[in-house]
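Right, one structure below, let's go through it.
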Amino acid sequence: MSCWTQKPVTTITSNPDKERNRRSLARLLGTHFWPHRNWFIGGTLFAVITSISAVGYAGVLAYVGNAIQCQLEGGTGDACAYVQDASRRVGLGNGGDWIWLGIYAIIALTAVRALSMYGMNMLNNTGVQRGLVSIQSVQFDALTDGDYARVSGDNSGGFVSRFINDVNAIRDAALRFANNFTKSVVTIIGVLAVLIVVDWQLALIILVVYPLALGPVIVLGNSIRARSKKAQQQIGEVTALVSEGLQSARVVKAFGLEDYQKERGKTGFAERSRLFLRVLSQRAAVDPVLEVVGGIAIAALLGFVSYRIAAGTNTLGDLLAIIALIGIASPEVRALGSITAVAQEGAAAADRVYDIIEAPATVSDKPGAISITDAKGQIAFDDVHFSYPDGTEALKGLSLATEPGETVAIVGPSGAGKSTIFNLILRLYDATSGQVKVEGHDVRDLNSNSLRAATALVSQDTALFDDTVASNIALGRLGADAADIEAAARAANAH
Numbered sequence: 014m015s016c017w018t019q020k021p022v023t024t025i026t027s028n029p030d031k032e033r034n035r036r037s038l039a040r041l042l043g044t045h046f047w048p049h050r051n052w053f054i055g056g057t058l059f060a061v062i063t064s065i066s067a068v069g070y071a072g073v074l075a076y077v078g079n080a081i082q083c084q085l086e087g088g089t090g091d092a093c094a095y096v097q098d099a100s101r102r103v104g105l106g107n108g109g110d111w112i113w114l115g116i117y118a119i120i121a122l123t124a125v126r127a128l129s130m131y132g133m134n135m136l137n138n139t140g141v142q143r144g145l146v147s148i149q150s151v152q153f154d155a156l157t158d159g160d161y162a163r164v165s166g167d168n169s170g171g172f173v174s175r176f177i178n179d180v181n182a183i184r185d186a187a188l189r190f191a192n193n194f195t196k197s198v199v200t201i202i203g204v205l206a207v208l209i210v211v212d213w214q215l216a217l218i219i220l221v222v223y224p225l226a227l228g229p230v231i232v233l234g235n236s237i238r239a240r241s242k243k244a245q246q247q248i249g250e251v252t253a254l255v256s257e258g259l260q261s262a263r264v265v266k267a268f269g270l271e272d273y274q275k276e277r278g279k280t281g282f283a284e285r286s287r288l289f290l291r292v293l294s295q296r297a298a299v300d301p302v303l304e305v306v307g308g309i310a311i312a313a314l315l316g317f318v319s320y321r322i323a324a325g326t327n328t329l330g331d332l333l334a335i336i337a338l339i340g341i342a343s344p345e346v347r348a349l350g351s352i353t354a355v356a357q358e359g360a361a362a363a364d365r366v367y368d369i370i371e372a373p374a375t376v377s378d379k380p381g382a383i384s385i386t387d388a389k390g391q392i393a394f395d396d397v398h399f400s401y402p403d404g405t406e407a408l409k410g411l412s413l414a415t416e417p418g419e420t421v422a423i424v425g426p427s428g429a430g431k432s433t434i435f436n437l438i439l440r441l442y443d444a445t446s447g448q449v450k451v452e453g454h455d456v457r458d459l460n461s462n463s464l465r466a467a468t469a470l471v472s473q474d475t476a477l478f479d480d481t482v483a484s485n486i487a488l489g490r491l492g493a494d495a496a497d498i499e500a501a502a503r504a505a506n507a508h
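Just so you know, we're using my numbering here: the sequence shown kicks off at 14 and counts up by one.
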């Protein structure tokens, strides 16, 4: 008789947060940066020119090195054959001419590389900035059109952080990718192509050694993404702390809360510093990993080439070209490695940006909502109950009715629901149960814009927008002319 034991099945699942961040970043790039692709296409062309001119240095040094070796060897040897063949192809007389031509070529390549780098940076920066304008505009639209319940419930620092710090993280990721990815990839491909021409065995060493660095870099990048999201959230909390300190300065002074606030500040700033140091420590580890791998590759290459030169297989020109190629490729490999870390930070920021853009609306107009055209002032509450999202009950079975021309005062202690009543009339919230009616219509059947246009708010809280006094007065009726604004100011004793 035989028996068997079924081994447990191991299911490999992906990290949902990681996948969500990637999708958010991909959507962000496709929606807000793709429409400005012409700028990036231009930047990519300049990046290719930059890369080709960099690799061109190695070719020039190979010619110059062989010309020098030819002169040292008295006009004989493989280096001389190389120089003489090249001289015949371009119509030059001797190796000495090649040395001067190399000098002129290096100057020309330097000028081309400098101009192409400027063009690459300007075009890519323009494309990125236009994409950021689109992102922040959509964010602000979502915040302005979003539910009052969410805007009033969340701390303002969190929103400010998403507008500034998260968008800056996206900017850094987009710029690093646009400026470095194409340039680095084309440069590395060009370096490998030249190495294959010079000595295919050298190219094989590069292809074996450098990919070994990808594993640690990817692991570091994933860790950076998770910690970066926590750090970005902490920035929002610190921003909220500073905002509260400014807005509540009178309360802080009146109740002697200075020491309490200062301690809160120290704690918040220390936590922000701790989280950022954890992100920076892992980001800083990327370059050393690549540096170690690069050092091993350089040592192996130089040792191999020195052996080949001693054996007569390679020339001085080959050595100079290889040294130049290593110097050109090493920073590009490091740049590609750092892109992984920055992209993870950008992905985490993109996810937080979509938290604002895609926040579901709980208050919205029905299709075919009724517009108020002639408001009289009839308002009614019919057995209205209301609780805030945190479960706090503000109104319980409220019923009242007002007729046009009546003046109604609602009094009660703080938290009794006075402000809630007004918010329900404006439909900033929806009642949990019961009906709120204006002009005989349930406010949920009315067009919100027409409802609010028929209502005037005189608040005890002063709100001044960052504009002129006249523009602030005109906000009460958009489109008012100068005479109307002046009349309103005089009526309010503000002229």
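A virtual CB, placed ideally from N, CA and C, is assigned to each residue, including glycine.
CA nearest to the CA of residue i, picked from the options
{"i": "N134", "options": "D154, K196 and I148", "result": "K196"}
{"i": "S3", "options": "G381, I352, V482 and R285", "result": "The structure shown does not extend to residue 3, since the chain is modelled only from 14 to 508, so the question has no answer here."}
{"i": "L337", "options": "G56, I65, Y70 and T63", "result": "Per the sequence presented here, residue 337 reads as Ala, with Leu not at that position. Among G56, I65, Y70 and T63, the Cα nearest to that of A337 belongs to Y70."}
{"i": "T415", "options": "L491, S446 and I392", "result": "I392"}
{"i": "R35", "options": "N327, F399 and Q357", "result": "Q357"}
{"i": "V211", "options": "G447, T326 and Y401", "result": "T326"}
{"i": "R503", "options": "L491, L488, G492 and A483", "result": "A483"}
{"i": "I369", "options": "C83, V68, E499 and D179", "result": "D179"}
{"i": "S66", "options": "S412, A342 and S400", "result": "A342"}
{"i": "L470", "options": "D158, L128, S432 and H49", "result": "S432"}
{"i": "D158", "options": "A313, D378, S446 and T420", "result": "D378"}
{"i": "Y367", "options": "S150, S64 and T123", "result": "S150"}
{"i": "V73", "options": "A388, I116 and L314", "result": "I116"}
{"i": "A186", "options": "A487, I352, P402 and T481", "result": "I352"}
{"i": "A354", "options": "A429, D494, A466 and A182", "result": "A182"}
{"i": "P426", "options": "I309, C83 and A407", "result": "A407"}
{"i": "R468", "options": "D480, T386, I119 and D403", "result": "Reading the sequence as shown, one finds Thr at residue 468 and not Arg. Comparing Cα-Cα distances from T468 to each of D480, T386, I119 and D403, the minimum goes to T386."}
{"i": "W113", "options": "G269, G78, V207 and G492", "result": "G78"}
{"i": "R457", "options": "A505, V198 and S384", "result": "S384"}
{"i": "F59", "options": "A191, L208, I339 and E284", "result": "A191"}
{"i": "A312", "options": "S294, A444 and L215", "result": "L215"}
{"i": "Y161", "options": "Y401, A505 and E271", "result": "Y401"}
{"i": "V346", "options": "R285, A466, V199 and A500", "result": "V199"}
{"i": "Y76", "options": "S129, R40, R189 and V207", "result": "V207"}
Span of the alpha helix (DSSP H), counted from its first residue to its last, around residue i
{"i": "D331", "result": "L329 to I370"}
{"i": "S461", "result": "S461 to A466"}
{"i": "A504", "result": "A495 to A504"}
{"i": "A388", "result": "Taken as a continuous stretch (DSSP letters only), A388 belongs to no alpha helix (DSSP H), as it is neither H nor E."}
{"i": "D185", "result": "V180 to R189"}
{"i": "I202", "result": "T195 to V211"}
{"i": "T420", "result": "Where T420 is concerned, there is no enclosing alpha helix (DSSP H), given that its DSSP letter is neither H nor E."}
{"i": "N192", "result": "Segment: none, N192 is in no alpha helix (DSSP H) and carries neither H nor E."}
{"i": "L437", "result": "K431 to I438"}
{"i": "I486", "result": "V482 to A487"}
Cβ-Cβ separation, residue j to residue i (assumed contact under 8 Å), whole Å
{"i": "L464", "j": "V449", "result": "The Cβ separation is near 10 Å, so there is no contact."}
{"i": "L329", "j": "V318", "result": "So it is not a contact: roughly 10 Å between Cβ atoms."}
{"i": "Y273", "j": "V376", "result": "Actually they do not touch by this definition, with Cβ atoms about 36 Å apart."}
{"i": "I201", "j": "V125", "result": "Wrong, their Cβ atoms sit about 19 Å apart, outside the cutoff."}
{"i": "I438", "j": "I423", "result": "That pair is no contact at about 11 Å."}
{"i": "G418", "j": "G453", "result": "Contact flag wrong, Cβ pair sits at about 16 Å."}
{"i": "G140", "j": "F53", "result": "5 Å"}
{"i": "A372", "j": "A155", "result": "7 Å"}
{"i": "A363", "j": "S37", "result": "4 Å"}
{"i": "V421", "j": "L411", "result": "Contact flag wrong, Cβ pair sits at about 13 Å."}
{"i": "I148", "j": "H45", "result": "5 Å"}
{"i": "R184", "j": "L145", "result": "6 Å"}
{"i": "Q142", "j": "R175", "result": "Rounded, the Cβ-Cβ distance is 18 Å, inconsistent with contact."}
{"i": "N137", "j": "G56", "result": "4 Å"}
{"i": "A501", "j": "I486", "result": "5 Å"}
{"i": "V68", "j": "G203", "result": "4 Å"}
Residue(s) in a DSSP beta bridge with residue i
{"i": "D455", "result": "K450"}
{"i": "H398", "result": "S446"}
{"i": "L41", "result": "DSSP, once it has assigned bridges, lists no residue as partnering L41."}
{"i": "I518", "result": "Because the chain spans 14 through 508 in this model, residue 518 falls outside it and cannot be assessed."}
{"i": "E406", "result": "S400"}
{"i": "L411", "result": "V397"}
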